[in-house]
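Asker:
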Amino acid sequence: MGPGAVILALSLAAAAAAEPPAHFLIQDTAECYYSPGGGGGPEGQLEVRFVYRYIYDREELARFDSARGEFEAVAALGEPDARYWNGQKEVLEQNRAAADVFCRHNYGVYEPFARKRLVQPKMSITPAEHDSSSQKTLLICDVAGFWPSGINITWLRNGKEEEGTKVMTTDLIRNGDWTFQIQVMLETKAEWGDVYACQVEHPSFPTPARVQWEPQSDSARSKMWTGVAGLILGLVFLGLGLIFFLRSKKGDVLPQAPVALMS
C-alpha cells in the first residue's frame, strides 16, 4: 500500500469517527376530544373522540381514530403497522374502548375542577400610531391569563360603545397552562379630552371590569419630553463632573507615612 492509499484510508477513518451516532425518535400520543352532544345522540350528552398517533422520527405514520374504529396509515411507511394492529383483536378492542375508559373517565375527574376554577384576566391598553397621514391611533386592549374561555370585550369612547369596522379581534389563544389570552383593537382618531375604556365581562368578575386610556394634550406631551431631556442633561453633567473629580484626585500627591523613631 502506497503513502497515498494510507493517507486516504486514514482520512476515511477519521471522517467515519467524526460522524455523530444515528438517532431516531419514536413517539405515540393519546388525545381526547370533547364536544357537546349531537350527531343523533341524546341532547346534552357529551361526545367523546379518542385519537392515537404513532410517530417515527417526527413523522406521523399511523393513527387510530375512534370515529373510524380501526387503524389507518398516514404515510406509506405506516401501512405495515396499520395492517398488523388491525389484525390484533385485543389491540383493536382496547383502542375502541379508550373513548369511554380513558377519555370519558378523565373528563369526569377533571370536569368539576375546571368548572369551579376562575382566573381573572389581566388587562392593559397600549396605543400605537397606525396611520400617520390621517393621525389615527390603534389602541390595543390586551386581555391575558383568564379562565374559562368565555369572555366579552367592548370598547367604549366617552361611555359609548364603539362598533363596526373600527374594532378588530384576534383569535382566542391557548397559553398551554389552562389560561387564555386575546387582543381587541380599536382604530380611532384620538382627541384630547376623550376617555377610552376597554370593558371586560368574565365569570371571574362580579361586575364588568374596565381599564382606561386618555390621549395626552400637546402641552402635556411637550412637558413630558422637556422633563426627559432635562433628566438626560442632568445625568450627562453628573457624569462629566464625576470624571473631572476622579482625574483631579489622581493628580494629588499622597502624604507619606511618618518614619518610626528608633529608640
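Numbered per mature numbering (1 follows the signal peptide of the UniProt record, and there is no 0), the sequence shown spans residues -18 to -1, 1 to 245. Think of the CB as a built atom: it goes at the ideal place given N, C-alpha and C, for glycine as much as any other residue.
1. Measuring only the C-alpha atoms, how far is T152 from V166?
2. Just how far apart, CA to CA, sit V218 and I225?
3. Tell me, which residues are paired with C123 by DSSP?
4. Looking at A81 and R31, is the spacing between their C-beta atoms short of 8 Å?
5. Classify Y16 as buried or exposed, calling it buried when 16 or more other Cβ atoms lie within 10 Å of its own Cβ.
6. Using the Cβ count rule (16 or more neighbours within 10 Å means buried), how would you classify S48?
7. Does DSSP classify I225 as helix, strand or coil?
8. Among Y34, N88, Y178, which one has its Cα closest to the Cα of E144?
9. Could you pull out every residue in the same chain whose Cβ sits closer than 6 Å to the Cβ of Y38, ignoring the five residues on either side in sequence?
10. Determine the burial state of G22: buried for a count of at least 16 other Cβ atoms within 10 Å of its Cβ, exposed for fewer.
11. K142 bridges to which residues according to DSSP?
12. Could you name the residues of the same chain whose beta carbon sits closer than 7 Å to that of L154, not counting the 5 residues immediately before and after it, in chain order?
13. Where do the ends of the alpha helix (DSSP H) carrying S44 lie?
14. Under a three-way DSSP split, which group does W129 fall into?
15. Got a sec? Which residues, its chain only, sit under 6 Å from R192 by beta carbon, not counting five neighbours each side?
16. Could you name the residues of the same chain whose beta carbon sits closer than 8 Å to that of H184, not counting the 5 residues immediately before and after it, in chain order?
Answerer: If we stick to the structure as given:
1. 7 Å
2. 11 Å
3. I107, V166
4. Taking the C-beta atoms as reference points, A81 is found nearer than 8 Å to R31.
5. Flag for Y16 reads exposed.
6. By the Cβ-count criterion, S48 is buried, with 16 or more other Cβ atoms from all chains shown falling within 10 Å of its own Cβ.
7. Reduced to three states, the DSSP call for I225 is helix.
8. E144 has its Cα closest to that of Y178, out of Y34, N88, Y178.
9. Counting only residues of its own chain and dropping the five nearest sequence neighbours on each side, Y38 has a CB closer than 6 Å to the CB of I8.
10. Residue confidence is low: G22 scores 48 on pLDDT, short of 50, so the model does not pin down where it sits. No coordinate-derived value is stated.
11. R139
12. S131, F162, I164
13. The sequence shown places Ala at residue 44, not Ser. Annotation: A44 is outside any alpha helix (DSSP H); the continuous beta strand (DSSP E) that includes it extends over 41 to 47.
14. strand
15. A179, Q181
16. Q102, P103, F128, G132, I133, N134, A191
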